[in-house]
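Novice: My questions will all concern the structure given below.
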Amino acid sequence: MHELSLCNSIQQVVARAAGERPVVVVHLRVGRLRQVVPDTLRYCWTLVTAEGPLAGSELRIESVPVSGRCRTCAAETTVEEVLVLLCGACGSPDLELLTGEEFLITTLDLADAGADAG
Ligand SMILES: [Zn+2]
0 MHELSLCNSI QQVVARAAGE RPVVVVHLRV GRLRQVVPDT LRYCWTLVTA
50 EGPLAGSELR IESVPVSGRC RTCAAETTVE EVLVLLCGAC GSPDLELLTG
100 EEFLITTLDL ADAGADAG
């Protein structure tokens, strides 16, 4: 399963970054073009982390819309329907993608991070 292998990769990165410190929340930024189902990803995360030091940690997923810049008229477009990548201004299909392909861990919330969030 796509999501399961993603979670395995995330787990490895998080474990390396956190070391011995307990992780409460893993913040993830995922572009819509990745075709990841957030609910499935969260479910797989509980499976992948069940036995290890990341057990009980939460995966918080920020979905990034697809956007691009038109090579014809230079307008920037946020694409609602990802199967049709067209410029919203002139309809040209010659779109340079700006966002939508992200897959990255942005932040780790650690258990001993204190109350200085905000
Ligand atoms: Zn255009």
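As numbered in numbering that gives the first Met the number 0, residues 0 to 117 make up the sequence shown, in order.
Cβ coordinates follow ideal geometry from the N, Cα and C atoms, glycine included.
Which of the three DSSP states is assigned to residue 61 in this structure?
Specialist: Strand, per DSSP.
Novice: Would residue 97 be called buried (16 or more neighbouring beta carbons within 10 Å of its own) or exposed?
Specialist: With fewer than 16 Cβ atoms within 10 Å of its Cβ, residue 97 is classed as exposed.
Novice: Identify the residues that DSSP records as bridge partners of residue 95: which are they?
Specialist: According to DSSP, which records beta bridges pairwise, residue 95 is partnered with 68.
Novice: Apply the 10 Å Cβ neighbour rule to residue 86 and answer buried if 16 or more other Cβ atoms are within range, or exposed otherwise.
Specialist: Answer is buried; the Cβ neighbour count reaches 16.
Novice: Looking at the strands, I want to know which residues DSSP matches up with residue 28.
Specialist: 61 and 103, per the DSSP bridge assignment.
Novice: Rounded to whole angstroms, what's the CA-CA distance from residue 114 to residue 108? Just pull it up for me.
Specialist: Because the pLDDT at residue 114 is just 49, under 50, the model does not fix this residue reliably, and the value given afterwards should be weighed accordingly. Distance between the alpha carbons of residue 114 and residue 108: 11 Å.
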